[in-house]
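**Student:**
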Amino acid sequence: MSMLGNIIMKIRVLLAGGPLLNKDFLRKHGRFILFLFALCIIYIAGDIILGLELKETGRLENKLLRSRIKYNNEFSESLKLRRYPEILNQIKRRGLNLKESETPPKTVKK
19 MSMLGNIIMK IRVLLAGGPL LNKDFLRKHG RFILFLFALC IIYIAGDIIL GLELKETGRL
79 ENKLLRSRIK YNNEFSESLK LRRYPEILNQ IKRRGLNLKE SETPPKTVKK
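My numbering puts the sequence shown at residues 19 to 128.
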(Lines of atoms letter the chains of each structure in order from A and count residues from 1; the text may use other names and numbers.)
(Lines give C-alpha, C1' and ligand atoms only; values in the text may rest on other atoms or scores of the structure.)
Protein backbone atom coordinates (compact mmCIF):
# COMPACT_ATOMS: atom_id res chain seq x y z
CA MET A 1 0.00 0.00 0.00
CA SER A 2 1.29 3.46 -0.80
CA MET A 3 2.15 6.13 1.73
CA LEU A 4 -0.96 8.14 0.83
CA GLY A 5 -3.10 5.05 1.31
CA ASN A 6 -1.63 4.53 4.78
CA ILE A 7 -2.40 8.11 5.76
CA ILE A 8 -5.98 7.82 4.50
CA MET A 9 -6.46 4.57 6.45
CA LYS A 10 -5.16 6.19 9.66
CA ILE A 11 -7.55 9.13 9.22
CA ARG A 12 -10.48 6.73 8.71
CA VAL A 13 -9.59 4.79 11.85
CA LEU A 14 -9.37 8.04 13.87
CA LEU A 15 -12.75 9.29 12.63
CA ALA A 16 -14.63 5.99 12.48
CA GLY A 17 -14.09 4.70 15.96
CA GLY A 18 -10.77 5.81 17.22
CA PRO A 19 -10.00 8.14 20.11
CA LEU A 20 -11.87 11.11 18.61
CA LEU A 21 -15.25 9.51 19.19
CA ASN A 22 -14.41 8.00 22.55
CA LYS A 23 -16.76 9.17 25.33
CA ASP A 24 -13.89 9.87 27.66
CA PHE A 25 -12.25 12.09 25.05
CA LEU A 26 -15.44 14.12 24.56
CA ARG A 27 -15.98 14.44 28.31
CA LYS A 28 -12.43 15.53 28.85
CA HIS A 29 -12.12 18.00 25.97
CA GLY A 30 -15.74 18.96 25.22
CA ARG A 31 -15.57 22.39 26.81
CA PHE A 32 -12.33 23.21 25.03
CA ILE A 33 -13.84 22.13 21.69
CA LEU A 34 -16.86 24.37 22.33
CA PHE A 35 -14.51 27.22 23.29
CA LEU A 36 -12.59 26.81 20.01
CA PHE A 37 -15.87 26.70 18.07
CA ALA A 38 -17.04 29.92 19.77
CA LEU A 39 -13.72 31.62 18.97
CA CYS A 40 -14.09 30.62 15.31
CA ILE A 41 -17.60 32.09 15.17
CA ILE A 42 -16.44 35.33 16.83
CA TYR A 43 -13.53 35.58 14.39
CA ILE A 44 -15.77 35.08 11.35
CA ALA A 45 -18.37 37.55 12.65
CA GLY A 46 -15.68 40.15 13.33
CA ASP A 47 -14.32 39.76 9.83
CA ILE A 48 -17.78 40.22 8.31
CA ILE A 49 -18.53 43.27 10.46
CA LEU A 50 -15.16 44.82 9.61
CA GLY A 51 -15.80 44.28 5.90
CA LEU A 52 -19.18 46.00 6.14
CA GLU A 53 -17.66 48.91 8.07
CA LEU A 54 -14.90 49.34 5.49
CA LYS A 55 -17.45 49.31 2.66
CA GLU A 56 -19.57 51.94 4.44
CA THR A 57 -16.49 54.10 5.11
CA GLY A 58 -15.52 53.97 1.44
CA ARG A 59 -19.04 54.91 0.39
CA LEU A 60 -19.08 57.89 2.77
CA GLU A 61 -15.64 59.05 1.61
CA ASN A 62 -16.83 58.99 -2.01
CA LYS A 63 -19.96 60.92 -1.05
CA LEU A 64 -17.84 63.50 0.78
CA LEU A 65 -15.53 63.89 -2.22
CA ARG A 66 -18.50 64.41 -4.57
CA SER A 67 -19.96 66.98 -2.15
CA ARG A 68 -16.66 68.89 -2.03
CA ILE A 69 -16.41 68.93 -5.82
CA LYS A 70 -20.01 70.14 -6.10
CA TYR A 71 -19.38 72.87 -3.51
CA ASN A 72 -16.23 74.07 -5.28
CA ASN A 73 -18.04 74.21 -8.64
CA GLU A 74 -20.99 76.12 -7.21
CA PHE A 75 -18.71 78.51 -5.32
CA SER A 76 -16.73 79.20 -8.48
CA GLU A 77 -19.92 79.88 -10.44
CA SER A 78 -21.20 82.23 -7.76
CA LEU A 79 -17.94 84.18 -7.86
CA LYS A 80 -18.25 84.51 -11.63
CA LEU A 81 -21.85 85.71 -11.34
CA ARG A 82 -20.91 88.30 -8.70
CA ARG A 83 -18.01 89.57 -10.80
CA TYR A 84 -19.97 89.81 -14.09
CA PRO A 85 -22.00 92.98 -13.25
CA GLU A 86 -18.87 94.74 -11.99
CA ILE A 87 -17.11 94.06 -15.29
CA LEU A 88 -20.12 95.36 -17.27
CA ASN A 89 -20.19 98.55 -15.17
CA GLN A 90 -16.48 99.19 -15.75
CA ILE A 91 -16.89 98.69 -19.52
CA LYS A 92 -19.78 101.18 -19.62
CA ARG A 93 -17.97 103.68 -17.41
CA ARG A 94 -14.86 103.65 -19.58
CA GLY A 95 -16.93 103.97 -22.75
CA LEU A 96 -15.53 100.85 -24.39
CA ASN A 97 -17.53 99.42 -27.24
CA LEU A 98 -17.13 95.73 -26.33
CA LYS A 99 -19.65 92.97 -26.97
CA GLU A 100 -19.96 89.58 -25.34
CA SER A 101 -18.48 86.81 -27.45
CA GLU A 102 -20.94 84.44 -29.10
CA THR A 103 -18.38 81.66 -29.64
CA PRO A 104 -16.37 79.94 -26.95
CA PRO A 105 -12.64 80.60 -26.80
CA LYS A 106 -10.27 78.20 -28.52
CA THR A 107 -7.21 76.77 -26.81
CA VAL A 108 -3.93 76.26 -28.59
CA LYS A 109 -2.11 73.09 -27.65
CA LYS A 110 1.65 73.20 -27.29
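Note that the Cβ used here is the ideal one computed from N, Cα and C, for glycine as well.
Since we're looking at a predicted model, the values are computed, not measured.
Considering only their Cβ atoms, is the gap separating ILE109 from LEU116 smaller than 8 angstroms?
**Tutor:** Position 98 of the sequence shown, counting from 1, holds the residue named residue 116. Position 91 of the sequence shown, counting from 1, holds the residue named residue 109. In this structure, ILE109 lies closer than 8 angstroms to LEU116 by Cβ.
**Student:** Is DSSP giving THR75 helix, strand or coil here?
**Tutor:** As a working mapping, residue 75 is identified with position 57 in the sequence shown. Three-state DSSP puts THR75 in a helix.
**Student:** For ASN107, collect the residues of the same chain with a Cβ closer than 7 angstroms to its Cβ; drop the 5 residues on either side in sequence, then sort them by chain order.
**Tutor:** By 1-based counting over the sequence shown, the position of residue 107 is 89. Closer than 7 angstroms at the Cβ level, and outside the excluded window around ASN107, lies no residue.
**Student:** From GLU104 to LEU114, what distance separates their C-alpha atoms?
**Tutor:** In the sequence shown, residue 104 corresponds to position 86, counting from 1. In the sequence shown, residue 114 corresponds to position 96, counting from 1. The alpha-carbon atoms of GLU104 and LEU114 are separated by roughly 14 angstroms.
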